[in-house]
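Worksheet: one structure, shown below.
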Amino acid sequence: MRHTLYTTNFTCSYSEVDFFPSSRDIMSVSQTLETEEDFLTCLQIKLFHPQQRSGGMFGLLPLGRRLKQDADDPLRLGRDGMSCALALVDLKASRKQLSLQAYHTPQKQDMYFSIQNLSKKGRLIVNGVALEYLEKLDLPDKALVRFGEYEMLLVREAGEAKGSFEVELNVLDRSPFTETCVCIPVKTPVLDTCSGYMDGLCSHEPLELDETMSYKI
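Here is the structure:
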């Protein structure tokens, strides 16, 4: 009987030593997870519309908090809430307006973003460069974007190129075009896999192809 109890106690003691992590190990894992979270790249999306106070077009957006987005999935903005993670409450907006895609290069560990025009209704203006339907452009660290009456200021907070990044959305009280001048050379727009590199010229207040274009569905 004593031998049985001794064997049981010895087995339990062995299990505790062999399988239970020490407080130092737990702290090390916790610190590693927190460090990874702290270094995630963040894409700030600051929105403005002249009728935003009464129109309610930003009512479905998760404003004022950071969300985690899978880097492999494009972040779409548009009227169709089924296909767009960022949904606009506006019949004048396209079902799929634009797409933001994360990427990184082998030479650098940072994560970067590209933008693509998914709308057939009008051009997407990025730092003065007009994107036609399905044309895409690599974004600098700060970019002014315009489509229809919507204005966006995109700001990239540098971080490591991990499997996900953070997105933070906010609404601006004033137009970013009247307070910010972004004169950063950008590459020429391309259609998906096409390549071409030229410095783009920045205009202070870029205009759409046709400001009176009909946005009827």
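In my numbering, the protein residues as written are 2 to 218.
Just so it is clear, CB atoms sit at the ideal spot from N, CA and C, and this is done for glycine as well.
Coil, strand or helix - residue i by DSSP
{"i": "S115", "result": "strand"}
{"i": "R175", "result": "coil"}
{"i": "K137", "result": "strand"}
{"i": "Q45", "result": "strand"}
{"i": "E35", "result": "With a pLDDT of 42 at E35, under the threshold of 50, the modelled position of this residue cannot be trusted; read the value that follows with caution. Note: E35 maps to helix in three-state DSSP."}
C-alpha gap between residue i and residue j, whole angstroms
{"i": "K93", "j": "S165", "result": "31 Å"}
{"i": "S100", "j": "N118", "result": "7 Å"}
{"i": "L140", "j": "K121", "result": "21 Å"}
{"i": "C85", "j": "P75", "result": "9 Å"}
{"i": "G56", "j": "P63", "result": "17 Å"}
{"i": "L125", "j": "A131", "result": "6 Å"}
{"i": "M174", "j": "E133", "result": "Looking at the sequence itself, residue 174 is Asp, so the reference to Met does not match. Straight-line Cα distance between these residues: approximately 29 Å."}
{"i": "F114", "j": "V146", "result": "14 Å"}
{"i": "L89", "j": "L41", "result": "26 Å"}
{"i": "V156", "j": "G129", "result": "16 Å"}
{"i": "R67", "j": "Q102", "result": "17 Å"}
{"i": "R54", "j": "Y104", "result": "35 Å"}
{"i": "T179", "j": "T106", "result": "34 Å"}
{"i": "A144", "j": "L170", "result": "15 Å"}
{"i": "G160", "j": "D142", "result": "12 Å"}
{"i": "L154", "j": "L78", "result": "14 Å"}
{"i": "M83", "j": "K109", "result": "34 Å"}
{"i": "L87", "j": "L61", "result": "8 Å"}
{"i": "S176", "j": "K97", "result": "23 Å"}
{"i": "V127", "j": "V172", "result": "19 Å"}
{"i": "M58", "j": "D91", "result": "6 Å"}
{"i": "G123", "j": "R80", "result": "15 Å"}
Rounded Cβ spacing between residue i and residue j (contact assumed at less than 8 Å)
{"i": "F49", "j": "E152", "result": "4 Å"}
{"i": "E167", "j": "K69", "result": "6 Å"}
{"i": "A162", "j": "D111", "result": "6 Å"}
Identity of the residues DSSP links to residue i by a beta bridge
{"i": "F148", "result": "Y151"}
{"i": "F166", "result": "Q70"}
{"i": "R157", "result": "L44"}
Neighbour flag for residue i against chain C, beta carbons, 8 Å
{"i": "R157", "result": "No chain C is part of this structure, which consists of one protein chain only."}
Subject >> Contiguous beta strand (DSSP E) assignments of at least 3 residues, all confined to the stretch 62-134 >> reply: You should have 67-71, 76-79, 99-104, 113-118, 125-127 and 130-132.
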